[in-house]
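Numbered per numbering that gives the first Met the number 0, the sequence shown spans residues 0 to 435.
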Amino acid sequence: MKHRGRHRRRRRGRALRATLAGTALALTAAATLISASQATVADAPGALKQVAASDGAGQPALAEHRVPGRWLDRLASKMGRPVGVSAVLEGADLPLRDAAGCPAADRHSLPVEPAATRAYCFSGSDTRGWRAGAVTTSGDADDDGRWGGNRVILSGWTRGAEGGSLDGPAPGQGLAKVAFVDANDPRAPRYTWALLAVPVDGGRDYRGLVSPLSGMAWYQDKLLVTTREGDRDALYVYDLDRIQRATVESDAVGRVRGGWAAHGYRFVLPAVGAYALPGGEGGARPATVSLDRSTSPDSLVASAWAPADDDRRTRLWRYALSRDPARSGLLATDSSGRAAPVEAYETKTAEVRGVLAYRSGWYLDRAAGTEGGHGTLWRQDTEGARAAECGTDETRQCWSGGSGSLSYWEETGEVWSQSGRMLFALPLASVDRALR
């Protein structure tokens, strides 16, 4: 697999950017007036407050745990040789519909200001009963925006969460799946599903990952995803060169009579590691994550979840990613296997659904306060906070209503996110231009 730096052919992104410039979508449903219940301008959260990463306001170091290699080898010996992303994309036979052909109710969730320049919707038939949350792309994975020659978008979903609370599914619900989207042709993207799993019984079986996918970042050959409250592990790690094929079409998960099942999907990713919270499950934890390629080394940024009616401030952290070729895609750790944050902040922005950091700015996606409403995308730094304004009353509730995580595709200059069944993108430059 070609990692970052081995195929830096940025000129291939110029044609895509030229296409985007001439194909901005007329998303009329997203440009309707905001209801009176949303019209109040949100109070600005002010500047970020930097705190020492080692004190009580910061996130203590995460402990890295690897799934034993013999477990993964045993699983592969039973299921067959693992495959990579290219093999999964060969089975991408489900079309994403362009926004113009999507239901009006789905289009309503798109940002009002700035408007999306690309938007698609997933089919209701294979997402009904599932809730969208996390998104990442091959623009995170490699700095030329491709993985093995392909442009890819990963969209994370959780079962049983549709219509549930903003902070994820209730205990007892779950299963998590990822749509692998072949984005080589922006006019006709197609996708297929893979189930996220965790090896058990020494690699003789696996169980489904039961967690809301509220955050997800793809870096080199690893995919890092957030986990639910109550789980000791804060992040699970997946190896995108270790994707297994399911052999039995069944709603079951794991070893079944005649082979291996993945809830009816053709592919399954067994976890290869995790990052555990110190002191167990009670500490603050990453609720959403994204990759920042503007730092040296590249870094993972994370935000905790803080309800609007809670006195606690939202915590933000930055973790350095390892430069060791033998630890591709993993966090940088000390000699004891702990990953400590290199920066930590507090913000008054509550109910953060997505976090993105690029250069000096942090972009925080605040959830909508009402069902069917729109949220706010704040750009914060240590000097202050700004957001776009829209509508005749200049409300700041202009962002997507039910959006999930944020992901910046540096090679194309786009920010990707999703809201319900809508997967959308817009230039980061347009976000900055819209700030007031």
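For glycine and all other residues, C-beta sits at the position ideal for the given N, C-alpha and C.
- Taking 8 angstroms as the upper bound for CB-CB distance, Thr346 and Gln379 are in contact here, some 6 angstroms apart.
- Runs of the beta strand (DSSP E) spanning 3 or more residues and lying entirely within the region 223-300 occur at 232-238, 252-255, 258-261, 266-275 and 287-291, in chain order.
- Between Gln219 and Ser327 the beta-carbon gap is near 4 angstroms, inside 8 angstroms, which marks them as a contact.
- The secondary-structure analysis by DSSP pairs Leu405 with nothing; it has no beta-bridge partner.
- Annotated three-state conformation of Ala187 is coil, per DSSP.
- When secondary structure is reduced to three states using DSSP, Pro44 falls in the coil class, being assigned neither helix nor strand.
- Between Asp97 and the set Ala114, Pro81 and Ala118, the nearest pair of CA atoms involves Ala118.
- When the beta-carbon positions are compared, Thr157 and Ala175 come within less than 8 angstroms of each other.
- In the DSSP assignment, Met215 forms a beta bridge with Val224.
- In the structure shown, Ala196 adopts extended strand secondary structure according to DSSP, grouped into three states.
- Between Leu315 and Ala384, the alpha-carbon positions lie close to 15 angstroms from each other.
- Under the DSSP assignment, Val84 falls in the alpha helix (DSSP H) whose first and last residues are Val84 to Glu89.
- Burial of Ala196 is indicated by the presence of at least 16 other C-beta atoms within 10 angstroms of its C-beta.
- Judged by beta-carbon spacing, Leu71 lies within the 8 angstroms limit of Pro269, meaning their Cβ atoms are closer than that value.
- Taking every protein chain shown into account, the CB of Gly123 has fewer than 16 other CB atoms within 10 angstroms, so this residue is exposed.
- The shortest C-alpha to C-alpha distance from Thr287 to any of Gln396, Pro188, Ala99 and Ser406 is the one to Ser406.
- Within the DSSP secondary-structure output, Asp323 pairs in no beta bridge.
- The beta-bridge partner set that DSSP reports for Ser416 consists of Phe423.
- Note on geometry: alpha-carbon atoms of Ala349 and Ser249 lie some 41 angstroms from one another.
- Short of 7 angstroms from the beta carbon of Leu290, and not among the five residues preceding or following it, lie these beta carbons of its own chain, in chain order: Asp139, Ala216, Tyr218, Asp297 and Leu299.
- In this structure, DSSP gives Ser154 an extended state, which the three-state scheme calls strand.
- Looking at the DSSP output, Pro94 sits in a beta bridge with Arg189.
- In the three-state scheme derived from DSSP, where H, G and I count as helix and E and B as strand, Lys176 is classed as strand.
- Around the beta carbon of Glu409, 16 or more other beta carbons sit within 10 angstroms, so the residue counts as buried.
- With 16 or more other Cβ atoms from the protein chains shown falling within 10 Å of its own Cβ, Arg145 counts as buried.
- Note on geometry: alpha-carbon atoms of Arg311 and Gln49 lie some 15 angstroms from one another.
- Closest in alpha carbon position to Val84, among Cys120, Ala103 and Leu222, is Leu222.
- Our two residues, Phe423 and Leu153, have alpha carbons roughly 12 angstroms apart in a direct line.
- Less than 8 angstroms separates the beta-carbon of Thr191 from that of Asp92.
- Around the CB of Pro277, fewer than 16 other CB atoms lie within 10 Å, so the residue is classed as exposed.
- Secondary structure of Ala75 (DSSP, three-state): helix.
- In this structure the region 329-339 does not lie against the region 367-377, because fewer than three pairs of beta carbons, one per stretch, are closer than 8 angstroms.
- Bounds of any alpha helix (DSSP H) do not take in Asp310, whose DSSP letter is neither H nor E.
- Looking at the backbone, the Cα of His262 and that of Ala233 are separated by about 24 angstroms.
- The residues Leu47, Lys48, Gln49, Val50 and Leu315, in chain order, have a CB closer than 7 angstroms to that of Tyr344 in the same chain once the five nearest residues on each side in sequence are set aside.
- Measuring C-alpha to C-alpha distances from Asn149 to each of Thr394, Gly128, Asn183 and Cys120 identifies Asn183 as the nearest.
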